[in-house]
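*Asks:* Sharing a structure with you now.
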Amino acid sequence: MSNELKGKVAVVTGASRGIGKGIALALGEKGCKVFITGRTTGDGPLTIDTAAREITEAGGEGIPIQCDHGVDAEIEKLFATIGKQTDHIDFLVNNVYKIPSPPAWGGGFWDHPIQVWDDQVGIGLRAHYVASWHASSMLFAAGTGGAIMNVSSPGGQSYHFSSSYGAGKAGLDRLTADMAIELEPKGIAAVVLYPGAVATEFTIEAAKSRNMDLSNSQSTQFVGRNAVAMLLSDNLMTRSGSIQWVEDLADEFDINEADGTRPPRYEDRAS
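Listed below in C-alpha coordinates is the structure:
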(Lines of atoms letter the chains of each structure in order from A and count residues from 1; the text may use other names and numbers.)
(Lines give C-alpha, C1' and ligand atoms only; values in the text may rest on other atoms or scores of the structure.)
Protein backbone atom coordinates (compact mmCIF):
# COMPACT_ATOMS: atom_id res chain seq x y z
CA MET A 1 0.00 0.00 0.00
CA SER A 2 1.19 3.53 -0.79
CA ASN A 3 -0.25 7.00 -0.25
CA GLU A 4 0.11 8.29 -3.82
CA LEU A 5 -3.64 9.01 -3.96
CA LYS A 6 -4.05 10.21 -0.39
CA GLY A 7 -6.51 13.11 -0.46
CA LYS A 8 -7.87 12.08 -3.86
CA VAL A 9 -11.51 11.11 -4.34
CA ALA A 10 -12.84 8.57 -6.83
CA VAL A 11 -16.27 7.27 -7.77
CA VAL A 12 -16.45 3.75 -9.23
CA THR A 13 -19.84 2.61 -10.48
CA GLY A 14 -20.80 -1.04 -10.34
CA ALA A 15 -18.05 -1.99 -7.90
CA SER A 16 -19.57 -4.74 -5.79
CA ARG A 17 -17.77 -7.30 -7.95
CA GLY A 18 -15.85 -7.81 -11.18
CA ILE A 19 -13.72 -5.20 -12.89
CA GLY A 20 -15.29 -2.35 -10.95
CA LYS A 21 -14.28 -3.91 -7.65
CA GLY A 22 -10.79 -4.61 -8.97
CA ILE A 23 -10.31 -0.96 -9.90
CA ALA A 24 -11.80 0.27 -6.61
CA LEU A 25 -9.47 -1.98 -4.59
CA ALA A 26 -6.46 -0.78 -6.59
CA LEU A 27 -7.43 2.82 -5.85
CA GLY A 28 -7.72 1.91 -2.18
CA GLU A 29 -4.22 0.43 -2.24
CA LYS A 30 -2.98 3.91 -3.15
CA GLY A 31 -4.82 5.57 -0.26
CA CYS A 32 -7.74 6.97 -2.25
CA LYS A 33 -11.19 7.71 -0.88
CA VAL A 34 -13.49 5.63 -3.09
CA PHE A 35 -17.25 5.94 -3.37
CA ILE A 36 -18.62 2.75 -4.89
CA THR A 37 -22.08 1.95 -6.22
CA GLY A 38 -24.13 -1.17 -6.70
CA ARG A 39 -27.59 -2.52 -6.07
CA THR A 40 -26.71 -5.24 -3.57
CA THR A 41 -26.04 -4.41 0.07
CA GLY A 42 -25.35 -6.45 3.19
CA ASP A 43 -22.59 -8.70 4.49
CA GLY A 44 -22.46 -11.13 1.58
CA PRO A 45 -19.43 -11.69 -0.68
CA LEU A 46 -20.80 -9.71 -3.64
CA THR A 47 -22.14 -6.55 -2.03
CA ILE A 48 -21.04 -2.93 -1.97
CA ASP A 49 -20.71 -3.05 1.82
CA THR A 50 -18.22 -5.91 1.66
CA ALA A 51 -16.30 -4.29 -1.19
CA ALA A 52 -16.12 -0.97 0.69
CA ARG A 53 -14.72 -2.72 3.75
CA GLU A 54 -12.06 -4.40 1.60
CA ILE A 55 -11.10 -1.05 0.06
CA THR A 56 -10.59 0.37 3.54
CA GLU A 57 -8.58 -2.69 4.60
CA ALA A 58 -6.39 -2.16 1.50
CA GLY A 59 -5.42 1.29 2.78
CA GLY A 60 -8.04 3.61 1.32
CA GLU A 61 -11.50 4.62 2.44
CA GLY A 62 -14.38 2.73 0.89
CA ILE A 63 -17.83 4.31 0.99
CA PRO A 64 -20.76 2.29 -0.40
CA ILE A 65 -23.84 3.97 -1.86
CA GLN A 66 -26.72 1.89 -3.18
CA CYS A 67 -27.75 2.97 -6.67
CA ASP A 68 -29.68 1.51 -9.60
CA HIS A 69 -28.01 3.16 -12.59
CA GLY A 70 -31.02 2.34 -14.74
CA VAL A 71 -32.92 5.07 -12.91
CA ASP A 72 -31.81 8.65 -13.62
CA ALA A 73 -33.21 9.92 -10.33
CA GLU A 74 -31.04 7.50 -8.40
CA ILE A 75 -27.92 8.67 -10.22
CA GLU A 76 -28.85 12.26 -9.41
CA LYS A 77 -29.35 11.30 -5.76
CA LEU A 78 -26.01 9.46 -5.77
CA PHE A 79 -24.05 12.58 -6.63
CA ALA A 80 -26.09 14.71 -4.26
CA THR A 81 -25.13 12.28 -1.49
CA ILE A 82 -21.47 12.35 -2.52
CA GLY A 83 -21.60 16.16 -2.58
CA LYS A 84 -22.54 16.20 1.10
CA GLN A 85 -19.32 14.35 1.95
CA THR A 86 -16.78 15.95 -0.36
CA ASP A 87 -16.49 19.10 -2.44
CA HIS A 88 -14.75 17.45 -5.39
CA ILE A 89 -14.11 14.27 -7.37
CA ASP A 90 -10.75 13.50 -8.96
CA PHE A 91 -11.69 10.35 -10.86
CA LEU A 92 -14.96 8.97 -12.19
CA VAL A 93 -14.79 5.34 -13.30
CA ASN A 94 -17.88 4.41 -15.29
CA ASN A 95 -17.98 0.65 -15.06
CA VAL A 96 -21.56 -0.35 -14.19
CA TYR A 97 -23.08 -2.87 -16.57
CA LYS A 98 -26.14 -5.09 -16.50
CA ILE A 99 -25.76 -8.62 -17.81
CA PRO A 100 -29.07 -9.64 -19.41
CA SER A 101 -30.96 -12.51 -17.85
CA PRO A 102 -30.56 -14.87 -19.56
CA PRO A 103 -27.25 -13.63 -21.03
CA ALA A 104 -27.24 -12.85 -24.75
CA TRP A 105 -24.68 -15.43 -25.84
CA GLY A 106 -24.68 -15.25 -29.63
CA GLY A 107 -27.62 -16.02 -31.89
CA GLY A 108 -29.50 -13.40 -33.88
CA PHE A 109 -30.69 -10.09 -32.46
CA TRP A 110 -34.24 -11.34 -33.09
CA ASP A 111 -33.62 -14.21 -30.67
CA HIS A 112 -33.23 -11.86 -27.70
CA PRO A 113 -35.88 -9.82 -25.90
CA ILE A 114 -35.81 -6.13 -26.78
CA GLN A 115 -35.02 -5.50 -23.12
CA VAL A 116 -31.50 -6.75 -23.88
CA TRP A 117 -30.88 -3.41 -25.62
CA ASP A 118 -31.84 -1.47 -22.50
CA ASP A 119 -29.66 -3.73 -20.35
CA GLN A 120 -26.55 -3.48 -22.52
CA VAL A 121 -26.87 0.00 -24.00
CA GLY A 122 -29.07 1.72 -21.44
CA ILE A 123 -26.90 0.68 -18.50
CA GLY A 124 -23.63 0.18 -20.38
CA LEU A 125 -23.73 3.50 -22.25
CA ARG A 126 -26.51 5.90 -21.31
CA ALA A 127 -25.97 5.51 -17.57
CA HIS A 128 -22.31 6.44 -18.06
CA TYR A 129 -23.35 9.65 -19.80
CA VAL A 130 -25.79 10.49 -17.01
CA ALA A 131 -23.18 9.84 -14.31
CA SER A 132 -20.60 11.93 -16.15
CA TRP A 133 -23.09 14.79 -16.49
CA HIS A 134 -23.77 14.83 -12.76
CA ALA A 135 -20.10 14.38 -11.84
CA SER A 136 -18.75 17.11 -14.12
CA SER A 137 -19.06 20.07 -11.74
CA MET A 138 -17.32 18.11 -8.97
CA LEU A 139 -14.55 17.07 -11.35
CA PHE A 140 -14.04 20.70 -12.33
CA ALA A 141 -13.92 21.68 -8.63
CA ALA A 142 -10.86 19.46 -8.19
CA GLY A 143 -8.94 21.44 -10.79
CA THR A 144 -6.84 19.92 -13.57
CA GLY A 145 -5.42 16.43 -13.60
CA GLY A 146 -8.59 14.44 -13.07
CA ALA A 147 -10.18 11.92 -15.38
CA ILE A 148 -13.27 10.09 -16.51
CA MET A 149 -12.39 6.49 -17.29
CA ASN A 150 -15.00 4.47 -19.16
CA VAL A 151 -14.62 0.70 -19.00
CA SER A 152 -15.35 -0.72 -22.44
CA SER A 153 -14.15 -3.87 -24.20
CA PRO A 154 -12.80 -5.19 -27.52
CA GLY A 155 -16.49 -5.66 -28.39
CA GLY A 156 -16.37 -2.03 -29.50
CA GLN A 157 -14.21 -3.10 -32.45
CA SER A 158 -15.27 -6.65 -33.32
CA TYR A 159 -18.19 -8.99 -32.80
CA HIS A 160 -18.64 -10.28 -29.27
CA PHE A 161 -21.75 -11.97 -27.85
CA SER A 162 -24.50 -9.94 -29.57
CA SER A 163 -25.13 -6.94 -31.81
CA SER A 164 -26.54 -4.88 -28.94
CA TYR A 165 -23.40 -5.56 -26.90
CA GLY A 166 -21.20 -4.26 -29.71
CA ALA A 167 -23.38 -1.20 -30.25
CA GLY A 168 -23.08 -0.26 -26.60
CA LYS A 169 -19.31 -0.67 -26.49
CA ALA A 170 -18.68 1.13 -29.79
CA GLY A 171 -20.95 3.94 -28.64
CA LEU A 172 -19.04 4.21 -25.37
CA ASP A 173 -15.74 4.42 -27.23
CA ARG A 174 -17.06 7.25 -29.40
CA LEU A 175 -18.67 9.03 -26.46
CA THR A 176 -15.35 9.03 -24.64
CA ALA A 177 -13.44 10.37 -27.64
CA ASP A 178 -15.86 13.25 -27.99
CA MET A 179 -15.97 13.92 -24.24
CA ALA A 180 -12.19 14.27 -24.38
CA ILE A 181 -12.51 17.12 -26.88
CA GLU A 182 -15.00 18.96 -24.67
CA LEU A 183 -13.06 18.30 -21.46
CA GLU A 184 -9.65 19.30 -22.81
CA PRO A 185 -9.99 23.02 -21.91
CA LYS A 186 -10.80 21.93 -18.33
CA GLY A 187 -7.63 19.86 -18.04
CA ILE A 188 -9.67 16.69 -17.44
CA ALA A 189 -8.86 13.51 -19.35
CA ALA A 190 -11.41 11.07 -20.76
CA VAL A 191 -10.07 7.61 -21.55
CA VAL A 192 -11.41 4.21 -22.53
CA LEU A 193 -10.09 1.12 -20.74
CA TYR A 194 -9.97 -2.12 -22.74
CA PRO A 195 -9.45 -5.22 -20.59
CA GLY A 196 -9.08 -8.50 -22.42
CA ALA A 197 -10.85 -11.64 -21.25
CA VAL A 198 -11.29 -11.20 -17.50
CA ALA A 199 -11.97 -13.86 -14.88
CA THR A 200 -14.82 -12.14 -13.07
CA GLU A 201 -17.20 -13.89 -10.70
CA PHE A 202 -19.71 -14.09 -13.56
CA THR A 203 -17.34 -15.59 -16.14
CA ILE A 204 -15.90 -18.05 -13.63
CA GLU A 205 -19.41 -19.33 -12.89
CA ALA A 206 -20.40 -19.34 -16.58
CA ALA A 207 -17.29 -21.30 -17.50
CA LYS A 208 -18.56 -24.27 -15.51
CA SER A 209 -21.48 -24.83 -17.87
CA ARG A 210 -20.05 -23.42 -21.11
CA ASN A 211 -16.69 -25.22 -21.12
CA MET A 212 -14.78 -21.92 -21.23
CA ASP A 213 -11.01 -21.85 -20.78
CA LEU A 214 -10.08 -18.99 -18.45
CA SER A 215 -6.44 -19.98 -17.98
CA ASN A 216 -5.19 -16.96 -19.98
CA SER A 217 -7.67 -14.50 -18.53
CA GLN A 218 -6.76 -11.33 -16.69
CA SER A 219 -7.72 -11.13 -13.03
CA THR A 220 -9.79 -8.20 -11.82
CA GLN A 221 -6.87 -7.22 -9.58
CA PHE A 222 -4.56 -7.10 -12.61
CA VAL A 223 -7.00 -4.91 -14.53
CA GLY A 224 -7.43 -2.61 -11.54
CA ARG A 225 -3.74 -2.08 -10.85
CA ASN A 226 -3.00 -1.31 -14.48
CA ALA A 227 -5.92 1.12 -14.69
CA VAL A 228 -4.72 2.99 -11.60
CA ALA A 229 -1.15 3.10 -12.88
CA MET A 230 -2.51 4.91 -15.94
CA LEU A 231 -4.44 7.38 -13.79
CA LEU A 232 -1.22 8.11 -11.89
CA SER A 233 0.88 8.59 -15.02
CA ASP A 234 2.45 11.96 -15.75
CA ASN A 235 1.15 11.89 -19.33
CA LEU A 236 -2.51 11.18 -18.53
CA MET A 237 -3.77 14.14 -20.58
CA THR A 238 -1.91 12.95 -23.68
CA ARG A 239 -3.92 9.73 -23.45
CA SER A 240 -7.24 11.58 -23.41
CA GLY A 241 -9.64 10.41 -26.09
CA SER A 242 -7.77 7.15 -26.62
CA ILE A 243 -8.37 3.47 -25.99
CA GLN A 244 -5.96 2.10 -23.40
CA TRP A 245 -5.49 -1.67 -23.55
CA VAL A 246 -4.72 -3.28 -20.22
CA GLU A 247 -2.07 -5.46 -21.85
CA ASP A 248 -0.22 -2.38 -23.14
CA LEU A 249 -0.41 -0.74 -19.73
CA ALA A 250 1.04 -3.88 -18.16
CA ASP A 251 4.02 -3.68 -20.53
CA GLU A 252 4.44 0.05 -19.94
CA PHE A 253 4.25 -0.08 -16.14
CA ASP A 254 5.67 -3.60 -15.69
CA ILE A 255 2.68 -4.92 -13.76
CA ASN A 256 2.10 -8.65 -13.40
CA GLU A 257 -0.49 -10.92 -11.87
CA ALA A 258 -0.09 -11.83 -8.20
CA ASP A 259 1.83 -14.98 -9.19
CA GLY A 260 4.35 -12.98 -11.21
CA THR A 261 3.00 -13.95 -14.63
CA ARG A 262 1.48 -11.72 -17.26
CA PRO A 263 -1.53 -12.79 -19.37
CA PRO A 264 -0.89 -13.12 -23.10
CA ARG A 265 -2.05 -10.46 -25.52
CA TYR A 266 -5.72 -10.54 -26.39
CA GLU A 267 -6.09 -12.91 -29.34
CA ASP A 268 -8.98 -11.05 -31.04
CA ARG A 269 -7.29 -7.68 -30.86
CA ALA A 270 -7.88 -5.57 -33.95
CA SER A 271 -4.76 -4.43 -35.74
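Throughout the sequence shown, residue numbering follows this note's numbering, covering 53 to 323 in sequence. Where a beta carbon is used, it is the ideal one built from N, C-alpha and C, also for glycine. Since we're looking at a predicted model, the values are computed, not measured.
So if DSSP puts Thr-89 in a beta bridge, which residue, or which two residues, is it bridged to?
*Replies:* Its beta-bridge partners are Ile-117.
*Asks:* How is Asn-146 classed by DSSP in three states: helix, strand or coil?
*Replies:* Residue state, collapsed to three classes: strand.
*Asks:* Could you tell me which of Asn-147, Asn-146, Ile-166 and Gly-72 sits nearest to Pro-155, measuring between CA atoms?
*Replies:* Among Asn-147, Asn-146, Ile-166 and Gly-72, the Cα nearest to that of Pro-155 is on Ile-166.
*Asks:* Which one of Ser-216, Lys-238 and Ser-292 has the shortest CA to CA distance from Ala-194?
*Replies:* Of the candidates Ser-216, Lys-238 and Ser-292, the one whose C-alpha sits nearest the C-alpha of Ala-194 is Lys-238.
*Asks:* Are the region 84-94 and the region 224-243 touching by the rule of at least three beta carbon pairs closer than 8 Å?
*Replies:* Flag = no, the region 84-94 and the region 224-243 do not touch.
*Asks:* Can you round the beta-carbon distance between Phe-179 and Leu-288 to whole angstroms, since I take them to be within the 8 Å contact cut?
*Replies:* Before going further, note that residue 179 is Ala rather than Phe in the sequence given. Not confirmed; about 24 Å, so no contact.
*Asks:* By alpha-carbon positions, which one of Asp-303, Leu-301, Ala-67 and Met-282 ends up nearest to Lys-327?
*Replies:* Nothing in the structure corresponds to residue 327, since the chain is present only between 53 and 323.
*Asks:* Can you tell me which of the three DSSP states Gln-137 falls into?
*Replies:* Reduced to three states, the DSSP call for Gln-137 is coil.
*Asks:* Contact between the region 126-134 and the region 105-114 is defined here as three or more beta-carbon pairs at a separation below 8 Å; is this criterion met?
*Replies:* The region 126-134 is not in contact with the region 105-114.
*Asks:* Can you give me the start and stop residues for the beta strand (DSSP E) that Leu-245 sits inside?
*Replies:* Run containing Leu-245: 241-246, per the beta strand (DSSP E) assignment.
*Asks:* Start and end of the alpha helix (DSSP H) containing Ala-76?
*Replies:* It spans 70-81 - the alpha helix (DSSP H) in which Ala-76 sits, taken as one unbroken run.
*Asks:* In three-state terms, what does DSSP make of Asn-287?
*Replies:* Three-state DSSP puts Asn-287 in coil, outside helix and strand.
*Asks:* For the alpha helix (DSSP H) that Ala-229 lies in, which residues bound it at each end?
*Replies:* 215-235 is the span of the alpha helix (DSSP H), which, as asked, contains Ala-229.
*Asks:* Under DSSP, the alpha helix (DSSP H) around Trp-185 begins and ends at which residues?
*Replies:* Where Trp-185 is concerned, the enclosing alpha helix (DSSP H) stretches over 179-193.
*Asks:* From which residue to which residue does the alpha helix (DSSP H) around Ile-256 run?
*Replies:* It spans 253-262 - the alpha helix (DSSP H) in which Ile-256 sits, taken as one unbroken run.
*Asks:* Check whether the region 168-178 touches the region 269-278, taking contact to mean three or more Cβ pairs, one atom from each stretch, closer than 8 Å.
*Replies:* Judged by Cβ distances under 8 Å, the region 168-178 makes no contact with the region 269-278, as fewer than three pairs qualify.
*Asks:* For Gln-172, name the three-state secondary structure that DSSP assigns.
*Replies:* Helix at Gln-172.
*Asks:* Among Leu-77, Ile-307 and Pro-206, which residue has its Cα nearest to the Cα of Thr-244?
*Replies:* Sequence inspection shows Val at residue 244; the Thr mentioned does not correspond to that position. It is Pro-206 whose Cα lies nearest to the Cα of Val-244.
*Asks:* Checking 8 Å against the spacing of the C-beta atoms, do Ile-71 and Val-275 come in under that value?
*Replies:* Contact: yes.
*Asks:* Applying the 10 Å Cβ sphere with the 16-neighbour rule, what's the burial state of Lys-60?
*Replies:* So Lys-60 counts as buried.
*Asks:* Got a sec, what are the start and stop residues for the alpha helix (DSSP H) Ile-100 sits in?
*Replies:* That run of the alpha helix (DSSP H) goes 100-109.
*Asks:* Measuring straight from C-alpha to C-alpha, what distance separates Gly-94 and Ala-251?
*Replies:* For Gly-94 and Ala-251, the distance between alpha carbons rounds to 24 Å.
*Asks:* Which class does Ala-62 belong to by DSSP, given the choice of helix, strand or coil?
*Replies:* It is a strand residue.
*Asks:* For the alpha helix (DSSP H) containing Ala-199, name the first residue and the last one.
*Replies:* Counting along the chain, Ala-199 falls outside any alpha helix (DSSP H), though it belongs to the beta strand (DSSP E) covering 199-203.
*Asks:* Expressed to the nearest angstrom, what Euclidean distance is found between the alpha-carbon atoms of Thr-102 and Gly-248?
*Replies:* Looking at the two C-alpha atoms, the distance is approximately 26 Å.
*Asks:* Let me check one thing: in DSSP terms, what residues is Gln-270 bridge-paired to?
*Replies:* Paired residues: Val-250.
*Asks:* Please report the residue range of the beta strand (DSSP E) in which Ile-295 lies.
*Replies:* Run containing Ile-295: 295-297, per the beta strand (DSSP E) assignment.
*Asks:* Leaving out five residues before and five after Tyr-211 in sequence, what residues of the same chain have Cβ atoms less than 8 Å from its Cβ?
*Replies:* Here the set comprises Gly-218.
*Asks:* Compare the C-alpha of Cys-119 against each of His-164, Val-182 and Leu-224 and name the closest.
*Replies:* Checking every option, the nearest Cα to that of Cys-119 belongs to Val-182.
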